[in-house]
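Residue numbers (this note's numbering): 3 to 511. No residue lacks a Cβ here, since even glycine has one placed at the ideal position from N, Cα and C. Here is the structure we will look at, set down as structure tokens.
And the structure:
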């Protein structure tokens with residue numbers, strides 16, 4: 003019996019020792035692993051020369067980053083980086099950091115694309131994930147005939163400054179509205195930006211964007227029902243002018259292009275044209291080519307041709323077909339009247355165009371500024387009584403009973419003066435004068451019709467945006483911004499109660 007008890011006790015002690023050995027073994031393994039990560043004493047404190055070299059290398063890297071940032075910010079050509087670096091080294095021969103710079107154009111390109119751009123995109127994505135923003139998109143084709151979609155994000159930063167930043171440049175394989183929508187959605191998704199943060203989108207007035215059934219704006223509204231959509235105002239005005247110009251004689255546009263191309267394509271004809279201007283004693287100017295994407299150039303081009311009409315007719319007596327066609331147009335006395343009239347109308351339209359091509363954000367003035375321009379056009383051919391009865395210029399009915407008589411039309415001082423002097427000189431007969439008035443009236447009517455179609459004066463968002471105009475805000479004319487806030491429920495968060503509370507306040511008011 004004693005032997006059994008003694009054996010059991012020895013077994014328990016051996017078991018306990020075995021457990022202790024197992025635990026000790028585990029601790030030993032952990033200590034061995036920890037020793038591998040232990041920094042030697044001689045490495046724990048860097049040697050002065052090593053620390054100095056590290057600081058120097060960091061200074062060189064910082065300088066290269068700053069130089070690449072300057073090139074990117076100021077849009078300096080990458081090819082000029084090598085020359086810029088040589089100049090810097092020659093200017094600061096005793097500066098060790100400057101002499102150690104190795105920012106060639108290849109390295110600068112790599113820093114901009116792989117370091118600065120990556121970090122900037124990360125910071126931008128972090129901001130847009132938690133804040134509301136709008137985007138501006140445009141499709142273009144580069145020199146390699148590759149279609150690309152540019153996305154610009156517009157938002158308010160922490161200092162309440164409106165910023166426009168580059169968000170993406172995407173290759174377009176499907177240029178349809180659905181294809182562009184998928185690209186935008188993928189761009190936001192890849193950056194982790196929720197689509198619900200998108201408040202508005204701006205684009206040109208191509209049908210693929212503005213289509214009422216399957217346009218890009220309509221498709222994005224399916225994702226964000228409160229999305230505010232705005233087409234390019236300048237493009238809209240250009241389209242209005244294009245449609246209105248179809249009411250004038252067809253040869254007018256051809257003449258405008260022919261005369262500029264004919265003279266500008268030959269240095270000899272340019273010199274002859276200059277001599278003709280001197281002979282005719284008119285102010286010497288070059289004729290300007292109309293740019294398809296520079297809509298403000300049309301007014302200047304038309305004014306130049308109208309002011310040099312006599313010089314053109316005196317000099318272009320070549321037997322060539324184009325020269326003969328130009329000369330025939332110049333001999334038509336109605337042409338110059340039309341040119342003066344177009345310049346008069348474009349001057350009014352371009353006042354609005356210039357306002358919305360500025361770098362500022364005048365969207366809150368869109369409706370009011372458009373109304374002023376529209377009223378100026380109406381006064382050229384609509385009676386004062388019709389305008390007064392309608393109250394709002396956009397509500398005036400463009401019907402013949404509301405039109406002025408042909409001889410009462412306001413076609414611009416230069417136009418009316420030209421018609422009067424040409425009629426007195428016998429260059430224009432009564433029938434030709436009536437034709438000019440009739441065509442100009444058709445132009446004005448079509449222009450106003452197109453403006454009323456392309457600027458939605460009934461849009462509640464545009465109507466209520468006036469409350470953020472500083473002059474309106476301090477005038478006391480608007481008591482609350484609730485009507486505008488309700489147009490953007492995603493700005494208030496996902497809480498349905500907040501939107502309901504705002505609606506209740508609006509109903510009380």
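Local conformation of residue i per DSSP, three classes
i	result
residue 417	helix
residue 113	helix
residue 161	coil
residue 170	strand
residue 427	coil
residue 438	helix
residue 193	coil
residue 156	strand
residue 231	strand
residue 383	coil
residue 406	coil
residue 377	helix
residue 150	strand
residue 105	coil
residue 449	helix
residue 412	coil
residue 252	coil
residue 177	coil
residue 364	coil
residue 80	helix
Inter-residue Cα distance where the pair is residue i and residue j
i	j	result
residue 441	residue 416	17 Å
residue 489	residue 128	26 Å
residue 358	residue 371	10 Å
residue 124	residue 351	42 Å
residue 369	residue 465	7 Å
residue 301	residue 355	In this prediction, residue 301 has a pLDDT of 48, which is less than 50 and means its spatial position is unreliable; what the coordinates show is noted afterwards. Approximately 12 Å, taken between the alpha carbons.
residue 85	residue 184	43 Å
residue 181	residue 139	13 Å
residue 447	residue 360	28 Å
residue 347	residue 376	11 Å
residue 367	residue 157	19 Å
residue 484	residue 463	12 Å
residue 518	residue 433	The shown model of the chain, from 3 to 511, leaves out residue 518, and the question about it has no answer.
residue 93	residue 226	56 Å
residue 200	residue 395	33 Å
residue 162	residue 126	15 Å
residue 353	residue 410	24 Å
residue 96	residue 59	17 Å
residue 403	residue 391	13 Å
residue 81	residue 74	12 Å
residue 381	residue 205	31 Å
residue 231	residue 202	6 Å
residue 122	residue 171	15 Å
residue 108	residue 83	9 Å
residue 336	residue 240	24 Å
Residues near residue i by beta carbon distance below 6 Å, same chain, minus five either side
i	result
residue 492	198 and 228
residue 179	210, 216, 217, 218 and 221
residue 456	238
residue 233	207 and 212
residue 378	350
Residue range of the unbroken beta strand (DSSP E) whose run includes residue i
i	result
residue 459	Note, residue 459: premise wrong, no beta strand (DSSP E); not H, not E.
residue 337	Element bounds for residue 337: not the beta strand (DSSP E) but the alpha helix (DSSP H), 335 to 357.
residue 484	That residue, residue 484, is in no beta strand (DSSP E); its alpha helix (DSSP H) goes 484 to 488.
residue 200	200 to 205
residue 140	135 to 143
Close-in-space but distant-in-sequence residues of the same chain around residue i (CB under 7 Å, 5 per side omitted)
i	result
residue 451	400
residue 62	99, 102 and 103
residue 168	154
Delimiting residues of the alpha helix (DSSP H) encompassing residue i
i	result
residue 471	That residue, residue 471, is in no alpha helix (DSSP H); it is neither H nor E in DSSP.
residue 235	235 to 247
residue 89	83 to 93
residue 223	218 to 225
residue 123	119 to 131
residue 102	98 to 102
residue 212	209 to 212
Cut-off 8 Å between Cβ atoms - residues of its own chain near residue i, not counting five sequence neighbours on either side
i	result
residue 177	141, 149 and 210
Does the pairing of the segment 415 to 431 with the segment 464 to 481 give three or more beta-carbon distances under 8 Å?
-> no
Taking contact to mean at least 3 C-beta pairs separated by less than 8 Å, is the segment 108 to 126 in contact with the segment 60 to 76?
-> yes
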